[in-house]
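Take a look at the structure set out below.
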Amino acid sequence: MENFNFLINGRLVAGAKTMPVVNPATEEVLVQCPRASEEQLNEAVAAAKAAFPAWAATPIEERRKLIVRMAETIEKNCADLARILTQEQGKPLADATAETMGMAGFFRYFASLDLPMRVIEDSKGRKVEAYRRPLGVIGAIIPWNFPLMILSFKLPPALLAGNTLVVKPAPTTPLASLKFAELVADILPKGVLNFIADANDLGDALTHHPDVRKISFTGSTATGKKVMASAAETLKRITLELGGNDAGVVLDDAKPKAVAKGIFEGAFQNSGQVCLAIKRLYVHESIYDEMCHELVQLAEAAVVDDGLKQGTQLGPLQNKMQYEKVKGFLDDARKNGKVVAGGEVMDRPGYFIRPTIVRDISEGSRLVDEEQFGPVLPVLKYSDTDEAIKRANNTAYGLGASVWSSNLERAHDVASRLEAGTVWINKHLDMAPHIPFGGAKNSGLGTEFAEEGLNEFTQLQVINMAR
Ligand code: NAD
134 MENFNFLING
144 RLVAGAKTMP
154 VVNPATEEVL
164 VQCPRASEEQ
174 LNEAVAAAKA
184 AFPAWAATPI
194 EERRKLIVRM
204 AETIEKNCAD
214 LARILTQEQG
224 KPLADATAET
234 MGMAGFFRYF
244 ASLDLPMRVI
254 EDSKGRKVEA
264 YRRPLGVIGA
274 IIPWNFPLMI
284 LSFKLPPALL
294 AGNTLVVKPA
304 PTTPLASLKF
314 AELVADILPK
324 GVLNFIADAN
334 DLGDALTHHP
344 DVRKISFTGS
354 TATGKKVMAS
364 AAETLKRITL
374 ELGGNDAGVV
384 LDDAKPKAVA
394 KGIFEGAFQN
404 SGQVCLAIKR
414 LYVHESIYDE
424 MCHELVQLAE
434 AAVVDDGLKQ
444 GTQLGPLQNK
454 MQYEKVKGFL
464 DDARKNGKVV
474 AGGEVMDRPG
484 YFIRPTIVRD
494 ISEGSRLVDE
504 EQFGPVLPVL
514 KYSDTDEAIK
524 RANNTAYGLG
534 ASVWSSNLER
544 AHDVASRLEA
554 GTVWINKHLD
564 MAPHIPFGGA
574 KNSGLGTEFA
584 EEGLNEFTQL
594 QVINMAR
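In our numbering, the protein residues as written are 134 to 600.
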């Protein structure tokens, strides 16, 4: 594999140290990736700080053009980026390609937005205007499940608003991000965009840094709490997109055959490593057996293999730590429920676990109460809709949820009673750049996507004039 570098102050530079990046489908080291020292992190922040005044003063039309050029560069290099993504992340090449093109789509979408001045009052007594000003240096911290996609939730809105950035990908998936940085290095003025990588040891230095004005973080709830505590000292703005334990609620009038595919994809896409995946499925007792049967059919038919192989539907778990964690959930499933599909690791190199369906399980087991973040779905039985809603809401998380029914009105009523940032009806995981997205309860703070997401990278300034 080729060499990777950091982007600091407009230059591609080697890391102070290196770290291995492993292909989760083979457990082989792909490459030694640069690993930053704290000095390099500080250099990146200093470069972003120095570049901020000129970038903030650049007309938005100019910034917009450069974001579109970045989108074009992503599209032109999609095949390379997607291949690197599959090798480091594990997902099938078709999914990596969709993620890369989706990333370009987010760049194009945010480039189409504006930050217009709003006149709040224009009267005899006063004129009041509201402006959206940039914040300064943004620290963007990315997890390992959608390295490129999640980058595109943060980078283009932050840049459009006139901020500069230091980006830190996850230690097990830094390569596609660093490749992207290299491809766009010459598009922006030096220092506007900086990329480093760490071995899970520089997050705190970034969130603590006095010259960083905002942290946009996506990752686990546990780390999110650390980010919030660390950012408090300098009163940084924060956006936190955290974990989830999404419930799918299948009402008694749903047709198991018709909804099974959508539920299966909602639970197992990216091998279940999706913040918004269905992580608990509540099914009415009258259709419980049939629903389990349909899901088992799909699980048994799924092609689980190296993402580079054509026809692969599900790749491996992304890293050894997550693989071991999901193995723990399998033990729990065997103890507290009945495994009716999958349930075992695959006898081959790589972190492969077949899609697993667990029935006759309920609250009190780890698989139901915690976020499994892997291809293991517990299917729970309920007898009354109010009871299902209560059980679905009985979690500290509140990211997404879905209701499955052939009666839209009934489904809508249930949806409105679920405590989640997004509730889908007869689908799950349908997202688009113009649809705002954020978590309730311990699933996060703030919003991404859409105008709301753009505004989070700005400071509101009011100018109030006497008449
Ligand atoms: P993680 O919290 O372990 O790591 C996320 C990022 O935080 C990584 O870049 C990591 O290096 C960095 N980090 C580690 N310690 C830090 C610290 N003390 N301060 C600052 N940053 C630090 O999460 P993960 O395991 O990479 O990702 C999986 C989790 O992310 C799951 O819980 C999943 O639900 C969640 N997630 C949420 C969303 C969302 O939009 N809500 C999207 C994707 C993933």
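The C-beta atom is built at its ideal place from N, Cα and C for all residues, glycine as well.
* To do: Please state if the CB of Asn403 and the CB of Lys224 are separated by a distance shorter than 9 angstroms.
  => Walking along the sequence shown from the start, residue 224 turns up at place 91. Walking along the sequence shown from the start, residue 403 turns up at place 270. Going by C-beta atoms, Lys224 is nearer than 9 angstroms to Asn403.
* Check whether the region 530-544 touches the region 319-337, counting contact only when three or more Cβ pairs, one atom from each stretch, lie closer than 8 angstroms. => The region 530-544 makes no contact with the region 319-337: fewer than 3 CB pairs, one atom from each, lie closer than 8 angstroms.
* To do: Give, in chain order, every unbroken run of the beta strand (DSSP E) that is at least 3 residues long and sits entirely within the region 491-576.
  => Entirely contained in the region 491-576, the beta strand (DSSP E) runs reaching 3 residues are, in chain order, 509-515, 533-537 and 555-558.
* Between the C-alpha atoms of Asn527 and Gly483, what's the straight-line distance to the nearest angstrom? -> Residue 527 sits at position 394 when you count from the first residue of the sequence shown. Residue 483 sits at position 350 when you count from the first residue of the sequence shown. The straight-line gap from Cα to Cα measures roughly 35 angstroms.
* To do: Inspect the beta-carbon positions of Val392 and Asn142 and report whether they are closer than 9 angstroms.
  => Sequence index remark: in the sequence shown, residue 392 carries index 259 (1-based). Sequence index remark: in the sequence shown, residue 142 carries index 9 (1-based). Result no, Cβ atoms of Val392 and Asn142 do not sit closer than 9 angstroms.
* To do: Would you mind listing the beta strand (DSSP E) stretches within the region 320-379 that are 3+ residues and don't spill past its ends, in chain order?
  => The DSSP assignment places 326-328, 347-351 and 370-374 as complete runs of the beta strand (DSSP E) inside the region 320-379, in order along the chain (cut-off: 3 residues).
* Hey, out of Leu384, Ala434 and Gln173, whose CA is closest to Asp546's CA? -> Locating residue 546 in the sequence shown gives position 413, where the first residue counts as 1. For Asp546, the nearest C-alpha among the options comes from Leu384.
* Asked: Per DSSP, what kind of secondary structure is Met203 in: helix, strand or coil?
  -> By one-based count along the sequence shown, residue 203 stands at place 70. Reduced to three states, the DSSP call for Met203 is helix.
* To do: Figure out for me which residue from Lys460, Leu447, Pro290 and Gly586 has the closest Cα to the Cα of Ala227.
  => The residue labelled residue 227 in the question sits at position 94 within the sequence shown. Out of Lys460, Leu447, Pro290 and Gly586, Leu447 has the C-alpha closest to the C-alpha of Ala227.
* To do: Take the Cβ of Leu431 as the centre, count every other Cβ of all protein chains shown within 10 Å, and call the residue buried at 16 or more, exposed below.
  => Counting from one through the sequence shown, the residue named residue 431 turns up at place 298. Label assigned to Leu431: buried.
* Contact between the region 498-515 and the region 449-468 (3+ Cβ pairs under 8 angstroms) -> In this structure the region 498-515 touches the region 449-468; the number of beta carbon pairs closer than 8 angstroms is three or more.
* For Arg202, which residues from the same chain have a beta carbon less than 7 angstroms from its beta carbon, with the 5 sequence-adjacent residues on both sides left out? -> Indexing the sequence shown from 1 puts residue 202 at position 69. Apart from the 5 residues on each side of it in sequence, Arg202 sits with its Cβ closer than 7 angstroms to the Cβ of Ile320 in its chain, given in chain order.
* What beta strand (DSSP E) runs, 3 residues minimum, are completely inside the region 416-463? -> Runs of beta strand (DSSP E) with 3 or more residues, each lying fully within the region 416-463, are absent.
* Between the region 276-294 and the region 152-172, do at least 3 Cβ pairs fall closer than 8 angstroms? -> Taking 8 angstroms as the limit for Cβ pairs, the verdict is that the region 152-172 does not touch the region 276-294.
* To do: Report back the beta-carbon spacing between Ala583 and Ile596 to the nearest angstrom; my notes put them in contact at under 8 angstroms.
  => Here residue 583 is taken as the residue at index 450 of the sequence shown, counted from 1. Here residue 596 is taken as the residue at index 463 of the sequence shown, counted from 1. Actually they do not touch by this definition, with Cβ atoms about 26 angstroms apart.
* Asked: Looking at the structure shown, is Asn597 part of a helix, part of a strand, or coil, going by DSSP?
  -> Translated into the one-based positions of the sequence shown, residue 597 becomes position 464. Strand at Asn597.
* To do: Between the Cα of Glu496 and those of Val429, Arg144 and Leu513, spot the shortest distance and give me the residue it belongs to.
  => The residue labelled residue 496 in the question sits at position 363 within the sequence shown. Looking at the Cα atoms, Leu513 is the closest of the given residues.
* Asked: From the DSSP output, which residues share a beta bridge with Met152?
  -> Counting from one through the sequence shown, the residue named residue 152 turns up at place 19. Bridge partners of Met152: Cys166.
* To do: Drop a sphere of 10 angstroms on the beta-carbon of Ala355, count the other beta-carbons inside from all chains shown, and report buried for 16 or more, exposed for fewer.
  => Position 222 of the sequence shown, counted from the first residue, corresponds to residue 355. By the Cβ neighbour-count rule, Ala355 is exposed, with fewer than 16 other Cβ atoms within 10 Å of its own.
* To do: Look at the alpha carbon of Lys198 and the alpha carbon of Ala204, and state the distance between them as a whole number of angstroms.
  => Walking along the sequence shown from the start, residue 198 turns up at place 65. Walking along the sequence shown from the start, residue 204 turns up at place 71. Taking the straight line from one Cα to the other gives about 10 angstroms.
* With hydrogens ignored, establish whether the beta-carbon of Phe506 is closer than 8 angstroms to any heavy atom of the ligand NAD. => Locating residue 506 in the sequence shown gives position 373, counting from the first residue. Phe506: yes, Cβ under 8 angstroms from the ligand NAD.
* Please say whether Leu284 and Leu578 have beta carbons closer to each other than 9 angstroms? => Your numbering for residue 578 matches position 445 in the sequence shown. Your numbering for residue 284 matches position 151 in the sequence shown. No, the pair does not count as a contact, with Cβ atoms beyond the cut-off.
* Which value, in whole angstroms, describes the spacing of the CA atoms of Leu602 and Glu176? -> Nothing about residue 602 can be read from this structure; the chain reaches only from 134 to 600.
* To do: Check Pro267 in the structure and name its three-state DSSP category.
  => Here residue 267 refers to the residue found at position 134 when the sequence shown is read from its first residue. Strand at Pro267.
* With a cut-off of 8 angstroms, do at least 3 Cβ pairs link the region 272-279 to the region 333-352? -> With contact defined as three or more Cβ pairs closer than 8 angstroms, the region 272-279 and the region 333-352 are in contact.
* Can you name, in chain order, every residue of its own chain whose Cβ lies under 6 angstroms from the Cβ of Asn575, other than the five neighbours on each side? -> Position 442 of the sequence shown, counting from 1, holds the residue named residue 575. Excluding the 5 residues flanking it on each side, Asn575 has same chain C-beta neighbours closer than 6 angstroms at Thr354, Ala529 and Tyr530, in chain order.
* Delimiting residues of the beta strand (DSSP E) encompassing Val178 -> Locating residue 178 in the sequence shown gives position 45, counting from the first residue. Here Val178 belongs to no beta strand (DSSP E); instead the alpha helix (DSSP H) covers Glu171 to Ala190.
* Asked: Is the CB-CB distance between Ile217 and Ala147 below 9 angstroms?
  -> For the purposes of this step, residue 217 is identified with residue 84 of the sequence shown, where counting begins at 1. For the purposes of this step, residue 147 is identified with residue 14 of the sequence shown, where counting begins at 1. No, they are not a contact pair.
* **Alpha carbon of Ala158 to alpha carbon of Gln220, nearest angstrom** => Working through the sequence shown from its first residue, we reach residue 158 at position 25. Working through the sequence shown from its first residue, we reach residue 220 at position 87. One Cα belongs to Ala158, the other to Gln220, and the distance between them is close to 8 angstroms.
* Using 8 angstroms as the cut-off, classify the Cβ of Gln165 as near or not near the heavy atoms of the ligand NAD, replying yes or no. => Reading the sequence shown from its first residue, position 32 is the one you call residue 165. Relative to the ligand NAD, even the nearest heavy atom lies 8 angstroms or more away from the CB of Gln165.
* Asked: In this structure, does DSSP put Glu465 in helix, strand or coil?
  -> The residue given as residue 465 occupies position 332 in the sequence shown. In the sequence as displayed, the identity of residue 465 is Asp instead of Glu. Reduced to three states, the DSSP call for Asp465 is helix.
* Roughly how far, in whole angstroms, is the beta-carbon of Leu409 from the beta-carbon of Leu510, given that I think they are within contact range, below 8 angstroms? -> Here residue 409 refers to the residue found at position 276 of the sequence shown. Here residue 510 refers to the residue found at position 377 of the sequence shown. No, Leu409 and Leu510 are not in contact; Cβ-Cβ is about 14 angstroms, not under 8 angstroms.
* Where Gly357 falls, given that 16 or more other Cβ within 10 Å makes a residue buried -> Residue 357 sits at position 224 when you count from the first residue of the sequence shown. With 16 or more neighbouring CB atoms inside 10 Å of its own CB, Gly357 falls in the buried class.
* Which first and last residues belong to the alpha helix (DSSP H) in which Ala474 is found? -> Taking the sequence shown and counting its residues from 1, the one referred to as residue 474 is at position 341. Counting along the chain, Ala474 falls outside any alpha helix (DSSP H), though it belongs to the beta strand (DSSP E) covering Lys471 to Ala474.
* Asked: Can Asn278 and Val478 be called in contact, C-beta distance under 9 angstroms?
  -> Here residue 278 is taken as the residue at index 145 of the sequence shown, counted from 1. Here residue 478 is taken as the residue at index 345 of the sequence shown, counted from 1. No. Outside cutoff.
* Where does Leu298 land, buried or exposed, given buried means 16+ other C-beta within 10 angstroms? -> The residue given as residue 298 occupies position 165 in the sequence shown. The residue is buried, with at least 16 neighbouring Cβ atoms inside 10 Å.
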